[in-house]
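Engineer:
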Amino acid sequence: MKIMITGATGFIGNQLLNRLIGNGDQINLLCRSENKIFRNIPDVRIFPGDITDSRSIERCMDGCDQVYHLAAYARNWAKNKKCFFEFNTRAVENILMSGINQNVKKILFMSTSVTFGPSGSELINENKKRTVAPYTLYEASKVEAEIIVLRYLDKGLNTVTVNPTRLFGPGLLTEGNSVTKMIELFLKGKFRFILGDGNAIGNYAFIDDVVQGCINAMKKGKTGEKYILGGENLSYNDFFHSVAENSGKNFRMIHIPKLVGLSYSYLEKLLGQFSNHYPSITPDWVRTFAVNWAFSCDKASSEIGYKITPFNDALRKTINWIMKNTNKQGVEDESIKFA
Numbered sequence: 001m002k003i004m005i006t007g008a009t010g011f012i013g014n015q016l017l018n019r020l021i022g023n024g025d026q027i028n029l030l031c032r033s034e035n036k037i038f039r040n041i042p043d044v045r046i047f048p049g050d051i052t053d054s055r056s057i058e059r060c061m062d063g064c065d066q067v068y069h070l071a072a073y074a075r076n077w078a079k080n081k082k083c084f085f086e087f088n089t090r091a092v093e094n095i096l097m098s099g100i101n102q103n104v105k106k107i108l109f110m111s112t113s114v115t116f117g118p119s120g121s122e123l124i125n126e127n128k129k130r131t132v133a134p135y136t137l138y139e140a141s142k143v144e145a146e147i148i149v150l151r152y153l154d155k156g157l158n159t160v161t162v163n164p165t166r167l168f169g170p171g172l173l174t175e176g177n178s179v180t181k182m183i184e185l186f187l188k189g190k191f192r193f194i195l196g197d198g199n200a201i202g203n204y205a206f207i208d209d210v211v212q213g214c215i216n217a218m219k220k221g222k223t224g225e226k227y228i229l230g231g232e233n234l235s236y237n238d239f240f241h242s243v244a245e246n247s248g249k250n251f252r253m254i255h256i257p258k259l260v261g262l263s264y265s266y267l268e269k270l271l272g273q274f275s276n277h278y279p280s281i282t283p284d285w286v287r288t289f290a291v292n293w294a295f296s297c298d299k300a301s302s303e304i305g306y307k308i309t310p311f312n313d314a315l316r317k318t319i320n321w322i323m324k325n326t327n328k329q330g331v332e333d334e335s336i337k338f339a
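Quick note on numbering: the working numbering labels position 63 of the sequence shown as 63, and the sequence is numbered without any gaps.
#1: For the putative contact between Pro-164 and Leu-229, defined by C-beta atoms under 8 Å, what is the C-beta separation to the nearest angstrom?
#2: Helix, strand or coil: which one does DSSP assign to Arg-19?
#3: What residues are listed by DSSP as bridge partners for Lys-106?
#4: Taking the beta strand (DSSP E) that Phe-206 falls in, what are its first and last residues?
#5: Which whole-angstrom value describes the C-beta separation of Gly-272 and Pro-279, a residue pair presumed to lie in contact below a C-beta threshold of 8 Å?
#6: Looking at C-alpha atoms only, which residue of Ile-308, Pro-257, Tyr-227 is the closest neighbour of Ala-300?
#7: Quick check: what's the CA-CA separation for Asp-154 versus Pro-48?
#8: Nearest by alpha-carbon distance to Leu-137: which of Gly-198, Lys-79, Ile-201, Asn-125 is it?
#9: What are the start and end residues of each continuous beta strand (DSSP E) run of 3 or more residues lying completely inside the segment 293-334, in chain order?
#10: Excluding sequence positions up to five away, which residues of its chain have a Cβ less than 6 Å from the Cβ of Tyr-68?
#11: For Arg-19, collect the residues of the same chain with a Cβ closer than 8 Å to its Cβ; drop the 5 residues on either side in sequence, then sort them by chain order.
#12: Under the rule that 16 or more other beta-carbon atoms within 10 Å means buried, what is Pro-170, buried or exposed?
#13: Between which residues of its own chain and Asn-237 is the CB-CB distance below 6 Å, once the five residues before and five after are set aside?
#14: Between which residues of its own chain and Arg-45 is the CB-CB distance below 6 Å, once the five residues before and five after are set aside?
#15: For the beta strand (DSSP E) holding Lys-129, just list the boundary residues, first then last.
#16: Can you give the Cα-Cα distance for Arg-287 and Leu-262, rounded to whole angstroms?
#17: Apart from the five residues just before and just after Asn-158, which ones in its own chain have a Cβ nearer than 6 Å to its Cβ?
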């Protein structure tokens with residue numbers, strides 16, 4: 001079988017590639033440049049190109065049976081707001097149109113759990129209808145992308161969408177793995193802040209679970225369906241309590257009122273607009289992290305066999321990896337959100 005992956009240089013894509021290598025499949029990677037880490041891997045072919053360029057997509061996709069579309073602009077901020085929609089929305093249409101032209105059997109699109117909107121006091125599942133406007137441009141661009149995916153279902157394209165929650169675990173410390181970076185900073189005593197009273201809930205997904213969930217969704221996912229790939233729902237207070245308990249690093253955490261967080265984030269955004277400063281957080285993300293995002297993975301569990309590693313087990317693996325690896329390798333120091 002022939003498989004195409006976009007985003008193989010990212011946190012999830014890199015782990016997915018490692019999981020798929022050695023199964024006897026030909027794997028085509030669409031990369032902006034010929035990355036050295038992929039150069040000598042058997043059964044892996046690198047196609048220079050970009051998800052905004054249909055011609056390079058079709059060259060990479062030629063003859064492929066399956067496509068994992070993971071590439072995205074998954075960042076907190078961009079000086080040019082069009083980046084989010086260029087890479088997260090219009091590029092999705094490029095992939096889907098090429099999929100029709102190349103007669104691809106199945107395409108997996110990686111979206112995000114935030115497209116469902118905040119949860120309030122109830123768990124979100126895949127049937128939830130969004131009732132509020134997107135908080136961030138990233139969120140808005142992914143909402144539009146999911147609408148495009150629905151249009152291509154009507155054209156006969158076999159697609160499945162996965163919606164990961166807040167990712168963490170061993171791997172590349174990019175902005176897509178900011179929860180792990182936050183844990184690393186906590187272990188060093190450099191991250192001591194919790195937004196608000198700390199009772200806002202988030203859902204934390206272990207990277208190993210999400211990668212296997214993608215593979216399962218490709219194999220078993222039903223055409224046109226969405227699958228939330230998450231983990232346990234935890235308040236910020238519970239999250240940091242678990243990190244402290246599992247690491248033995250019991251730092252006193254400082255609760256930052258939402259208004260203070262907003263004030264700081266507006267300053268960060270202003271500096272970003274008028275200098276080369278990259279904001280550590282923006283007002284839209286402060287508002288995002290101030291509300292509940294609690295999810296159910298029951299559908300993914302029942303339909304594609306998705307399994308959740310207990311949070312404390314996943315956390316211990318992550319902490320052990322941080323202690324062994326992050327001081328030895330050159331990692332990308334991206335901006336960190338509150339959680």
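By construction, the Cβ of each residue, glycine as well, lies at the ideal position given by its N, Cα and C atoms.
Structural biologist: Walking through what the data contain:
#1: 5 Å
#2: helix
#3: Gln-66
#4: 201-206
#5: 4 Å
#6: Tyr-227
#7: 31 Å
#8: Lys-79
#9: none
#10: Ile-5, Leu-108
#11: Val-211, Gln-212, Ile-215
#12: buried
#13: Gly-198
#14: Asn-28
#15: Unbroken run through Lys-129: none, as it is neither H nor E.
#16: 8 Å
#17: Lys-106, Thr-223
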